[in-house]
Structure formats: C-alpha cells, structure tokens
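> Numbering (this note's numbering), first residue to last: 498 to 656.
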Amino acid sequence: MENKTHGRVDTVSKVIAAAPHILYEAYMNPNALVQWLPPEGMTGEICRFEPHVGGRYELTLTYNEKDTNAGKTTADTDTICGTFLELIPNQKIAEAGIFDSEDASFAGEMIMIWYFEEVLEGTKVSIIAENVPEGIRKSDHIDGLSSTLENLASFVETR
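(1) Output the distance between the C-alpha atoms of glutamate 614 and aspartate 507, rounded to the nearest integer angstrom.
(2) For glutamate 627, count neighbouring C-beta atoms within 10 Å of its own C-beta (all shown protein chains included) and say buried if the count is 16 or more, exposed if not.
(3) From the DSSP output, in three-state form, read off threonine 565 for me.
(4) Buried or exposed: where does proline 586 fall if 16 or more other Cβ atoms within 10 Å of its Cβ makes it buried?
(5) Between glutamate 547 and arginine 553, what straight-line distance do the alpha-carbon atoms span, to the nearest angstrom?
(6) Are the beta-carbon atoms of glutamate 592 and phenylalanine 603 separated by less than 7 angstroms?
(7) Tell me the start and end of each unbroken alpha helix (DSSP H) in the segment 532-556 that is at least 4 residues and wholly inside, in chain order.
(8) Does serine 643 come out as helix, strand or coil in the three-state DSSP assignment?
(9) Using beta-carbon positions only, say whether alanine 516 and glutamate 654 come within less than 7 angstroms of one another.
(10) Since I believe serine 510 is in contact with lysine 635 (beta carbons under 8 angstroms), could you give me their beta-carbon distance rounded to a whole number of angstroms?
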C-alpha cells in the first residue's frame, strides 16, 4: 500500500478511563464535542456537522485571550472546514480539514486520525495529524492536542 503521508506529522496519545464506545460517542455528538474539543484557552462552535463518510463539518475555535497573532482566520479565531474520510465505530475517525486563512503558511489539507484502542485501564486514544501546515508551531500543536485529550478525559470520566 502506498504511503500518502506528506508534510509534518504530529502525534499525541493518552489512556482514558472509559470504554471506546463512550469516547467515540463523545466525538460523534456535536453538543458534546464543542464542550471538550477546544484546547485550553479556546471555545468552539460547530456550524456544520454531518458525521458520515463524505460528510462535511465546519468548526470555529475562538481564543479567549485577544492576540493579533493567535488566529488564522481572524485575529482571534480559527475556522476549519473538512470532510469525514473514514468512520469505524468505536475504533477510528479520519477527517481532512482546511483552515480558512489568507496566510499561505497555514494553507493545505491536514489529515486528523483518531484511534480508540481498548486497553486494561480503559482506552488509549491516539491522534495523528498528517501534513500539518508549517505555520502551526509543533510545540503549540502538541500542547493543543494534549489539552484536547485532557479535556476529553475530564468530560467522560466525570459522567
């Protein structure tokens, strides 16, 4: 099989004390998703969410702190429009997203793949981001993805 990955790849993982179906459902429910997906310091709004292969989504993340260098779409927001590429219930979510930005360093299609692997302690959740735009600093991206997994853990472990 040909490897179509190009560009930078960022990866994070976390074991969460919940069954894979709980985590998958937390992603597939847009009302739940906006509660835990935005990294620390951000809020989210889902404008479109069609969770089926080929379905589209649109997510706007807003920075709580106003910083003219923070956003890619506006001074304080990132808007991501994408398509669901693969959905394997309780196991995998793959999506292709494009940031709405006039800055070429944030251009291009980034692939995000979420894996849910049952382990003794619960579920190992791994996020693999392929073709990460060069404008996104690796350390910031890893911190953001890690924050999202922490949020997911808190969201499901307190229910």
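Note that the Cβ used here is the ideal one computed from N, Cα and C, for glycine as well.
Once the coordinates are examined:
(1) Here the question's residue 614 lines up with position 117 in the sequence shown. Here the question's residue 507 lines up with position 10 in the sequence shown. One C-alpha to the other measures close to 19 angstroms.
(2) Here residue 627 refers to the residue found at position 130 of the sequence shown. With 16 or more Cβ atoms within 10 Å of its Cβ, glutamate 627 is classed as buried.
(3) Counting from 1 along the sequence shown, the entry for residue 565 is found at position 68. In this predicted model, threonine 565 has a pLDDT of only 46, less than 50, meaning its place in the structure is not dependable enough to derive any value.
(4) One-based indexing of the sequence shown puts residue 586 at position 89. Exposed is the call here.
(5) Here residue 547 refers to the residue found at position 50 of the sequence shown. Here residue 553 refers to the residue found at position 56 of the sequence shown. Each residue's Cα considered, the two are about 5 angstroms apart.
(6) Your numbering for residue 592 matches position 95 in the sequence shown. Your numbering for residue 603 matches position 106 in the sequence shown. Contact: no.
(7) none
(8) In the sequence shown, residue 643 corresponds to position 146, counting from 1. Helix at serine 643.
(9) Along the sequence shown, one-based indexing puts residue 516 at 19. Along the sequence shown, one-based indexing puts residue 654 at 157. Taking 7 angstroms as the Cβ cut-off, alanine 516 and glutamate 654 do not qualify as a contacting pair.
(10) For the purposes of this step, residue 635 is taken as the residue at position 138 of the sequence shown. For the purposes of this step, residue 510 is taken as the residue at position 13 of the sequence shown. Not really, about 16 angstroms apart at Cβ, beyond 8 angstroms.
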